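Numbering of the sequence shown is given in this note's numbering, commencing with residue 161 and proceeding in unit increments. Just below is one structure, and these are the notes that go with it.
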Amino acid sequence: MALVVQKYGGSSVADAASVLRVARRIASYRQAGHEVVVVVSAMGDSTDELIDLAAAVSPDPPVRELDMLLTAGERISMALLAMAISDTGHEARSFTGSQAGVITDAEHGKARIIDVTPGRIRGALDDSAVAIVAGFQGVSQTTKDVTTLGRGGSDTTAVALAAALGADVCEIYTDVDGVFTADPRVVPSAHRISLISHEEMLEMAAAGAKVLHLRAVEYARRYNVPLHVRSSFSERMGTLIMEGSPSFPISPQTFHRPRSEDTPVEQPIISGVAHDSSQGKITVTGIPDVPGKAAALFKIVADAGADIDMIVQNVSTEITGRTDISFTLATNDAVPVGRALQAAQVELGFQSLRYTDQIGKLSLIGAGMRSHPGVSAQLFAALSDAGVNIQMISTSEIRISVVTDKEELERAVRAVHSAFGLDSSSGEAVVYGGTGR
Ligand code: ADP
Ligand code: ASP
Ligand code: MG
């Protein structure tokens, strides 16, 4: 018997038939004697629909109320799922994030989990009930208001609960059969990665592979929670993200023991290609090239609450002693950052501010890069062969990222995926559902 935390994404509970299908899977785990905690997302694209509705009512809704609205989506699916499970003859109890003991800071829209006190969840399990928890939400320790963890945050709820409960495995059920070498919606020839380290998965998630929420991977690494990303539409083995050897149920009846294909003898050099089209680029032109200007500029950006990603500073022109600085950030942060910089134009002494959201970021990830020179040269050659222009470059030990024109991004991803020999002909990159929104 194991304690399994399962998380079902929006596409897995998109309609009544899907809720029933998920309920049957959960019942089969209970039937086999496992304890099951389930984290659910809002049905289908209903979070996006709620955001659109808020925008139709108010151009700039108060963040507290927006969180109150969005958490309703997960409450609908948790109650429906509990009803469907009851009809399978197993008891199920649903809980909001707050009831489940998910305690966060007070940052509405991107709250961080600071504690998990799952007393009621443990109680439900002790009573032989399935505990169903609304994903992506918590309650602020200070204000006692309801908060959300940011888009895609249900993954993080699941991992945090798995860590707090000491679960044997956290299964992330989605609409593809695991983590692939690229987004299957963009690269149909991508292949499933059977085992990936936390380190590489962190880089993939940070680079835009939205199959897992970045903070969920960080949490899993810190608390050593084994993750299994898989499809709720098939019975296939998915992707394991863990260190060490897996030993947990992969189907209600079967405990997984490592097989040779799950533990490759030699690490591939490249594990995958990720892309992100949700970033924009701000260029500050004609800023004096003297010590302290970059510090002042990025303090203003940080105070506006934005995480920045890539930064490029040009060589200053000798005649003017001025330079241009470009940086990328989430498109959602562009308006507040733009406003804050504009307000500081005199203090910073720059000439103009430009913004575009017509950019895309492609990242090549692989732990093997550390010991293999020439990976960047091969990447640049692949992009040049495909006629794709590079606007910005950044690297880490195990990642190379480039910014391209948004229109060229998907073509660039396919070209790089092929150039690094990642294409598969097995046709396993099936997208079972979801709209990719
Ligand atoms: P859920 O609603 O289940 O949380 P998401 O839409 O958040 O699902 O994440 C699953 C989607 O992530 C897939 O449908 C796929 O389009 C996308 N994706 C991006 N990169 C990858 C990747 N490397 N492997 C698998 N899926 C990926
Ligand atoms: N429903 C939320 C969203 O769409 C949280 C989640 O699905 O993880 O972002
Ligand atoms: Mg998701």
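Note that the Cβ used here is the ideal one computed from N, Cα and C, for glycine as well. Please read all numbers here as calculations on a predicted model, not as lab measurements.
- Message: Let me check you understand the geometry: is the CB of Phe415 closer than 6 Å to at least one non-hydrogen atom of ligand 4?
- Response: Among the ligands present in this structure, namely ligand 1, ligand 2 and ligand 3, ligand 4 is not found.
- Item | Member of Val497, Asn549, His435 and Met243 whose CA lies at the smallest distance from the CA of Thr341 | For the residues Val497, Asn549, His435 and Met243, the minimum Cα distance to Thr341 belongs to His435.
- Message: Going by C-alpha to C-alpha distance, which of Glu363, Val562, Gly313 and Ile263 sits closest to Val576?
- Response: Closest by alpha carbon: Val562.
- Val346: first and last residue of the uninterrupted alpha helix (DSSP H) it sits in: From DSSP, Val346 is part of no alpha helix (DSSP H); its letter is neither H nor E.
- Query: By DSSP, does Phe255 sit in helix, in strand, or in coil?
  - Reply: Three-state DSSP puts Phe255 in a strand.
- Return yes when the C-beta of Ser171 is under 6 Å from any heavy atom of ligand 1, and no when it is not. Placement of the Cβ of Ser171 at a distance of less than 6 Å from at least one heavy atom of ligand 1 is found.
- Query: Residues in its own chain within less than 7 Å of Ser411 by CB, not counting five upstream and five downstream?
  - Reply: So the list reads Glu395, once near-sequence residues are dropped.
- Would the stretch 385-399 and the stretch 319-334 be scored as touching if the rule is three or more Cβ pairs under 8 Å? Counting Cβ pairs under 8 Å, three or more are found: they touch.
- Query: What residue range is occupied by the uninterrupted beta strand (DSSP E) comprising Leu163?
  - Reply: Where Leu163 is concerned, the enclosing beta strand (DSSP E) stretches over Leu163 to Tyr168.
- Using beta-carbon positions only, say whether Lys167 and Ser258 come within less than 7 Å of one another. Result no, Cβ atoms of Lys167 and Ser258 do not sit closer than 7 Å.
- Environment of Met161 [buried if 16+ CB atoms lie within 10 Å]: Counting Cβ neighbours within 10 Å, Met161 comes out exposed, since fewer than 16 surround it.
- Task: Determine which residues share a DSSP beta bridge with Ala291 and list them.
- Result: DSSP output for Ala291 lists Val197 and Arg253 as bridge partner(s).
- Stretch pair the stretch 166-185 + the stretch 266-280: three plus CB contacts closer than 8 Å: The stretch 166-185 is not in contact with the stretch 266-280.
- Report the option in Pro219, Glu568 and Ala527 whose CA atom is closest to the CA atom of Met364. The residue with the shortest Cα to Cα distance from Met364 is Ala527.
- Message: For a test of the three-state rule: what should DSSP assign to Met397, helix, strand or coil?
- Response: Coil, per DSSP.
- Message: Among the candidates Gly547, Leu163 and Glu234, whose CA atom is the shortest distance from the CA of Val197?
- Response: The candidate whose alpha carbon is nearest that of Val197 is Leu163.
- Message: Please determine whether the Cβ atom of Thr334 lies at a distance below 6 Å from any heavy atom of ligand 1.
- Response: Placement of the Cβ of Thr334 at a distance of less than 6 Å from at least one heavy atom of ligand 1 is found.
- Item | Beta carbon of Glu570 nearer than 7 Å to that of Val346 | In this structure, Val346 lies closer than 7 Å to Glu570 by Cβ.
- Message: Is it buried or exposed, Lys441, if we count other Cβ atoms within 10 angstroms and call 16 or more buried?
- Response: Label assigned to Lys441: buried.
- So is Leu213 buried or exposed if we call it buried at 16+ other beta carbons inside 10 Å? Label assigned to Leu213: exposed.
- Message: Can you determine whether any heavy atom of ligand 2 sits closer than 6 Å to the C-beta of Gly269, and answer yes or no?
- Response: Because no heavy atom of ligand 2 lies under 6 Å away, the Cβ of Gly269 does not count as near it: no.
- Query: Where do the ends of the beta strand (DSSP E) carrying Val433 lie?
  - Reply: Gly432 to Asp436 is the extent of the beta strand (DSSP E) around Val433.
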